[in-house]
Amino acid sequence: MQSSNCVEGSSSSLRKGAWSQHEDELLKDCVQRYGEGKWHLVPQRAGLKRCRKSCRLRWLNYLKPNIKKGDFSEDEVDLMIKLHNLLGNRWSLIAGRLPGRTSNNVKNYWNTYMRSKEHSSKKDKNKPKEEIEKVEKSHHEVIKPQPRTFTKPLLEVNKFHGSNDNSSKVTMNELCEGESSSRTSNWWEAFLLDDNEDNNHLLQTGFWDEQQLNMTTNSFDFFSEGQTWSDFLAQF
DNA sequence: AACGAGTGCAACCGCAGGGCG
DNA sequence: CCGCCCTGCGGTTGCACTCGT
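So for the first sequence, our numbering puts the first residue at 757; every next one is plus one.
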């Protein structure tokens, strides 16, 4: 799939490497004027000799407002570890739960963190190898959300109980796009938090297929009675 | 002061998946 | 249904900076 790479077109004319301040300004102006998205148009609009992927990455990881730079706080690290236990290397999802942090940010930090951890565990020669492996293994039993297509009304259970209109489809990925909608932004968190009849409704309407049901009830005991999301995370 | 090793982070690459004609 | 195009993600690379010798 060559078109998605920065090799597109006459690659020789495309700039690579570190961004200059001038390029940053051009990109900022462009995004402010035309908004985010349509990245294939951005290089042309901004007058940049950069591929669209490079533009997008620069904006998302560096130029976008509200991006937090600097060290991760203890709370952030704590949450990151818990989320990583839960989600695995889903950096974008993890970053979505850490305000102001980008997936690249999180990924880089994690790699660094893991490297230092690995370093220290190697130092810990008293621990038997098997024990270390056991611990590591248990930390990598990861819940991977399955991409799934389902009906909008299913999600809007508060408004549309019992609706059978399957005309408009919405995907899991859409739901994971945090900023698009407050209703759906924290769908999984909300779902897990709400031990109420709406969730029962989702179960009854087949929102979870058998495999997922098995996952939630057997290998992944989400909440005991009265347990909150914070309580749940605190288990890790 | 010089140099090599280690570290952090920005940027790149390849791929998967969704939308649309 | 199929193929093309676009977007976004995760893994990897490369470079600049720091630190120890």
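In this text, a Cβ means the ideal position worked out from N, Cα and C, and glycines have one as well. It should be emphasised that the depicted structure is a prediction, and the values quoted were computed from it without experimental measurement.
Give the DSSP-derived three-state secondary structure of residue i in the structure shown.
i	result
Arg814	helix
Trp775	coil
Asn867	helix
Leu770	coil
Asn952	Only weak support exists for where Asn952 lies, its pLDDT of 41 falling under 50; the value from the coordinates is given anyway. Looking at Asn952 - three-state DSSP - the assignment turns out to be coil, as it is neither helix nor strand.
Relative to the alpha-carbon of residue i, which residue among the options has its alpha-carbon at the smallest distance?
i	options	result
Phe698	Tyr869, Leu804, Gln788 and Arg812	Since the first and last residues shown for the chain are 757 and 992, residue 698 lies out of range.
Lys1021	Thr858, Ser769, Lys784 and Cys807	Nothing about residue 1021 can be read from this structure; the chain reaches only from 757 to 992.
Lys863	Ser848, Leu843, Val798 and Lys784	Ser848
Gly773	Gly793, Tyr790 and Arg806	Arg806
Pro855	Gly844, Asn845 and Val833	Val833
Arg771	Ser810, Gly852 and Glu792	Ser810
Leu813	Gly791, Trp795 and Glu830	Trp795
Gln788	Asn861, Trp815 and Arg853	Trp815
Leu835	Arg853, Asn845 and Arg846	Arg853
Gly826	Trp866, Asn861 and Arg846	Asn861
Glu830	Leu797, Arg808, Tyr865 and Asn845	Tyr865
Contiguous alpha helix (DSSP H) assignments of at least 4 residues, all confined to the region 785 to 812: Taking 4 residues as the shortest admissible run, the region 785 to 812 contains the following complete alpha helix (DSSP H) segments, listed from N- to C-terminal end: 798 to 802.
How do the region 772 to 789 and the region 808 to 819 stand: do at least 3 beta-carbon pairs fall below 8 Å, yes or no? The region 772 to 789 is in contact with the region 808 to 819.
Would you list, in sequence order, the uninterrupted alpha helix (DSSP H) runs of no fewer than 4 residues that lie entirely inside the region 826 to 864? The region 826 to 864 contains these whole alpha helix (DSSP H) runs: 830 to 843 and 847 to 852.
Spell out a yes or no on whether the region 839 to 847 and the region 796 to 808 are touching, meaning 3 or more CB-CB pairs, one atom from each, closer than 8 Å. No, the region 839 to 847 does not touch the region 796 to 808.
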